[in-house]
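Heads up, the thing below is written out as structure tokens.
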Amino acid sequence: MSQFLQATIYGLLQGGLLALIAVGFSLVWGVMNVVNLAHGSFVILGAYIGWKLNSAMGLDPFLGMLVAAVVLFAVGYVLQRWLINLVINGPIFITLLLTFGLDLLIVQGMNIAFSADYRSIKTSYAGDSLALGSVRVPVGRLLAFVIAVIVTFALVALVNRTRTGLSIMATGMDRGAARLMGIRARHAYALTFAIAAALAGMAGTMVGTVGTFNPAAAGGFTLLSFVIAVLGGLGNMYGALVGGLLIGLVEAWGGQYLPGTWVNALAFAVLVLVLIFRPSGLVGRAYYAARQEV
Amino acid sequence: MKPQPKSVSVVAVIAASALLAAGCGSKGEKTSTEGAGKSGTLAIGASMSLTGKLAREGELTKEGYQLCQDKVNAKGGADIGGKKVKLDIQFQDDTSKPDTAAQLVDQFNDKGVKLILSSYGSANTEAQAAVIERNGQVMADSAGADNKIFEKGYKRTFAVLSPATEYAASIVKAIKELAQPQPKTVAILSADDGFSKTVAEGGAAAAKEAGYTVLPTQLFPNGTSDVSSALTKVKGQKPDVIIGSVHLVEGVAIVKQAKELGVVPSGGFGETVAPPTPDFAKTLGKDAENVLGSSQWTDSTKGSDKYFGSAKDYAKDINAKYGHAPDYHDAEASAACLALVMAAEKAGSTDADKVRDALAGLDTESFFGHIKFNDKGQNVYKPMSVIQVQGGKAVTVWPTDSAEAKMIWPGTKK
Chain C
290 MSQFLQATIY GLLQGGLLAL IAVGFSLVWG VMNVVNLAHG SFVILGAYIG
340 WKLNSAMGLD PFLGMLVAAV VLFAVGYVLQ RWLINLVING PIFITLLLTF
390 GLDLLIVQGM NIAFSADYRS IKTSYAGDSL ALGSVRVPVG RLLAFVIAVI
440 VTFALVALVN RTRTGLSIMA TGMDRGAARL MGIRARHAYA LTFAIAAALA
490 GMAGTMVGTV GTFNPAAAGG FTLLSFVIAV LGGLGNMYGA LVGGLLIGLV
540 EAWGGQYLPG TWVNALAFAV LVLVLIFRPS GLVGRAYYAA RQEV
Chain F
418 MKPQPKSVSV VAVIAASALL AAGCGSKGEK TSTEGAGKSG TLAIGASMSL
468 TGKLAREGEL TKEGYQLCQD KVNAKGGADI GGKKVKLDIQ FQDDTSKPDT
518 AAQLVDQFND KGVKLILSSY GSANTEAQAA VIERNGQVMA DSAGADNKIF
568 EKGYKRTFAV LSPATEYAAS IVKAIKELAQ PQPKTVAILS ADDGFSKTVA
618 EGGAAAAKEA GYTVLPTQLF PNGTSDVSSA LTKVKGQKPD VIIGSVHLVE
668 GVAIVKQAKE LGVVPSGGFG ETVAPPTPDF AKTLGKDAEN VLGSSQWTDS
718 TKGSDKYFGS AKDYAKDINA KYGHAPDYHD AEASAACLAL VMAAEKAGST
768 DADKVRDALA GLDTESFFGH IKFNDKGQNV YKPMSVIQVQ GGKAVTVWPT
818 DSAEAKMIWP GTKK
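Residue numbers (the working numbering), protein chains in the order written: chain C, 290 to 583; chain F, 418 to 831.
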């Protein structure tokens, strides 16, 4: 029983972190219909920023995470405003190709700048755990989980309660109509991408604190984000949280009761099942699955 | 959105030049496309994992080959049939993919390059070995340790490193010989790639032979940084020793997550190739203390040769040229290159068949230890070193005749 509880706790915490990694990817996809293949490299870039601040200046990663968010916000805004916006009206293959190219550039750039060595952000507390009976709750992962949940709710508040957020959602729903209402679509898109990149950067710093990373890990995070975004569904900010928690739990439980190498297949099996029974994702809106870009 | 022709063309120029640069890079440092012997150089082909997931190890392997070329050429070249011949190693990037590594071997063959230095890792080397055999080339293998490569009857691939079955087994042997109190139960956790599984089997066999209770091996996906499932599974059985058949990233994950999950073996951790890498201690800090690992080579390895001198000399050279402490990946690459050069010198020829025969009969000391091959092409005559992280550094603790420090046991008692 304690083995099951332990796996569940661990899976939930892991799921929260996965959700934070994926939420920006889901946002960009939902609003702009761009599948951002460079998302994983933003995560890793955020991890490197947190790591550099920690190793050079001793800054705590949970503060460094904010710096990473600011830097990636700027990078994301510039990329979308002056690069991706140029091809946003093209077929989805063009944006796929462009973000794939960006991914290659960023990953190889990090290889040159930071080498391919594995890194980890060291703190005195993240590896410790609280004992609840026979179950351990790791401190670093708990903090990361709490931040993931807070960020998700903050994002929901942003898109539902603020003018900026509403303009982002409006542009995502119908760009033509939004522009007629006086929304600057280019700016709204750039903001969306910037927010997504900033969240990826925060997630990256936390990944670096609880685990290890190097540039080659970027592709894995993009893939995970894709699975989680589809699982949760587009058009709902809770989608990534639901998808992330589900993947975290499924992997943790699967790891306990199935041979260990099945874990990767399991995530995709769940994805296939969800696509069969709920094609728009667990909490996604059907509109986003069916829409046509005009 | 309005079209912006100016910025589009700027982007296009940048993209085009990036492509151009990439294209040039992949052609490698091509100085001589001639085969052996022409213009006084000996062409050797090396497909390298310079980008992709093995980029780190690939870069170290390249350093090892490069140092070997520098060392041999500094003496005027290899002495082949009374003539001094300079080495010309041609590097090409295989992007860490076995298919590409095998294709590059074919390309070298088309250019008349018959002597090959292997890429990094068992998967790449296994793919290359098949092509080598078909083309009648000959390959010195620096990093493909999986016993599977040598079970296929190939006659043209020679590995200077100890076989995969020794990696975990040597840790078990060191514990059997040195640990007080002796552990009772051993749990083996392994990545699920072919090499790691072979390592795990070798370790389990050695642990059974030593009389320990061996728990069923727990697998996790190769390259994962989450091994919590495997740890949760063994936690209840309270193993005295946890041995990970791992690469660096999974090895780090085992120690990190064991702490998170409160899994504390009464004896300690053994992690095969992770602890000898300086990154292991750097990443884990004090949690890395006393973790055991196994290494193909350390700078206290015994033996010397005319090009590199002793292991200590080798360490100095790597440090001077690359600014870091030598990694065993450096050393095994240099050793593979050394074996190829020595075989060519012994054969007095650069002909692939003659070099092959000379390699098969090679029996020499070197900075890497004893280099000699069994009839399968494996170097089973060299023991592996067992190291332990002490004070943030990996020090050799076994075999005892080349030990730098006493093994600290139990390793988990702080």
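Positions of the beta carbon are idealized from the N, C-alpha and C atoms, including for glycine.
Under the three-state DSSP convention, the category residue i falls into
i	result
Asp609(F)	coil
Pro816(F)	coil
Tyr299(C)	helix
Gly442(F)	For Gly442(F), the predicted model reports a pLDDT of 41, less than 50, meaning its position is unreliable and no value from the coordinates is stated.
Asp747(F)	helix
Leu326(C)	coil
Gln795(F)	strand
Lys501(F)	strand
Ile439(C)	helix
Ser810(F)	The question names Ser, but residue 810(F) in the sequence shown is Lys. Three-state result, Lys810(F): strand.
Thr498(C)	helix
Ile533(F)	strand
Ala460(F)	strand
Val828(F)	Checking the displayed sequence, the identity of residue 828(F) turns out to be Gly instead of Val. Reduced to three states, the DSSP call for Gly828(F) is coil.
Gly687(F)	strand
His476(C)	helix
Gln545(F)	helix
Val519(C)	helix
Ser569(C)	coil
Ala596(F)	coil
Leu776(F)	helix
Ser449(F)	With a pLDDT of 40 at Ser449(F), under the threshold of 50, the modelled position of that residue is not reliable, and the figure given next carries that caveat. In this structure, Ser449(F) counts as coil in the three-state DSSP scheme.
Cβ separation of residue i and residue j, assumed to be a contact under 8 Å, to the nearest whole Å
i	j	result
Glu688(F)	Gly710(F)	5 Å
Ala507(C)	Val360(C)	Wrong, their Cβ atoms sit about 17 Å apart, outside the cutoff.
Gly493(C)	Val332(C)	4 Å
Met470(C)	Leu309(C)	The pair is not a contact, with the Cβ atoms about 32 Å apart (cut-off 8 Å).
Ala560(F)	Lys593(F)	In fact, because the Cβ distance is near 28 Å, the residues do not count as touching under 8 Å.
Lys503(F)	Thr458(F)	5 Å
Pro816(F)	Ala742(F)	Not confirmed; about 21 Å, so no contact.
Met354(C)	Met526(C)	Wrong, their Cβ atoms sit about 20 Å apart, outside the cutoff.
Val832(F)	Gly640(F)	Since the first residue of chain F shown is 418 and the last is 831, residue 832(F) is not available in this structure.
Ala311(C)	Leu513(C)	7 Å
Val616(F)	Tyr571(F)	Actually they are not in contact, since the Cβ atoms of Val616(F) and Tyr571(F) sit about 21 Å apart, beyond 8 Å.
Any non-hydrogen atom of the ligand NAP closer than 6 Å to residue i Cβ
i	result
Val589(F)	In terms of ligand content, the structure shown is empty, and the ligand NAP therefore cannot be addressed.
Beta-carbon spacing of residue i, residue j below 7 Å
i	j	result
Ser466(F)	Ser513(F)	yes
Ala875(F)	Leu534(F)	The displayed coordinates of chain F run from 418 to 831. Any statement about residue 875(F) would go beyond what the structure contains.
Thr517(F)	Ile549(F)	no
Ala758(F)	Ala764(F)	Ala is not the amino acid found at residue 758(F); the sequence shown has Val there. Cβ atoms of Val758(F) and Ala764(F): not closer than 7 Å.
Ala479(C)	Tyr337(C)	no
Asp657(F)	Pro600(F)	yes
Gly528(C)	Gly570(C)	yes
Tyr482(F)	Ala463(F)	yes
Leu323(C)	Ile457(C)	It should be pointed out that residue 323(C) corresponds to Val in this sequence rather than to Leu. In this structure, Ile457(C) does not lie closer than 7 Å to Val323(C) by Cβ.
Ala433(C)	Leu306(C)	yes
Gly537(C)	Gly300(C)	yes
Which residues DSSP lists as bridging residue i, in chain order
i	result
Ala405(C)	According to DSSP, which records beta bridges pairwise, Ala405(C) is partnered with nothing at all.
Val603(F)	Val631(F) and Val658(F)
Phe575(F)	Ala557(F)
Met465(F)	Asp510(F)
Ser711(F)	Val803(F)
Pro427(C)	Ser418(C)
Ile788(F)	Thr781(F)
Ala495(F)	Val502(F)
Leu636(F)	Ser607(F)
Ser727(F)	Ser721(F)
Phe697(F)	For Phe697(F), which the question treats as bridged, DSSP gives no partner whatsoever.
**Contact list for the segment 475–495 of chain F against chain C, Cβ threshold 8 Å** = Glu476
**Item:** Proximal residues, the segment 395–419 of chain C versus chain F, C-beta separation under 8 Å
**Value:** Gln397, Asn400, Ser404, Ala405, Asp406, Tyr407, Arg408, Ser409, Lys411, Gly416, Asp417 and Ser418
**Request:** Name, going along the chain, the residues of the segment 543–577 of chain F whose beta-carbon falls closer than 7 Å to a beta-carbon of chain C.
**Result:** none
**Asked** Taking Cβ-Cβ distances below 8 Å as the criterion, which residues of the segment 327–351 of chain C are in contact with chain F?
**Response** none
**Item:** Residues, ordered as in the chain, of the segment 792–819 of chain F that lie near chain C by beta-carbon distance below 7 Å
**Value:** none
**Prompt:** Taking a cut of 8 Å between CB atoms, which residues from the segment 691–704 of chain F lie near chain C?
**Reply:** Asp696, Thr700, Leu701, Gly702 and Asp704
**Message:** Tell me which residues of the segment 585–610 of chain F have at least one Cβ-Cβ distance to chain C shorter than 8 Å, keeping chain order.
**Reply:** Asp609
**Contact set between the segment 629–657 of chain F and chain C, restricted to residues whose Cβ is under 9 Å from the partner** = Gln635, Leu636, Phe637, Pro638, Asn639, Gly640, Thr641, Ser642, Asp643, Val644, Ser645, Ser646, Ala647, Thr649, Lys650, Lys652 and Gly653
**Asked** Which of the residues in the segment 542–555 of chain C, read from start to end, lie with their CB under 7 Å from any CB of chain F?
**Response** Gly544, Gln545, Pro548, Gly549, Thr550, Val552 and Asn553
**Message:** Please identify, using Cβ separations under 9 Å, the residues of the segment 350–371 of chain C that lie next to chain F, in order along the chain.
**Reply:** Trp371
**Message:** Give me the subset of the segment 290–301 of chain C whose CB atoms are less than 7 Å from a CB atom of chain F, sorted by chain position.
**Reply:** Gln292, Gln295, Ala296 and Tyr299
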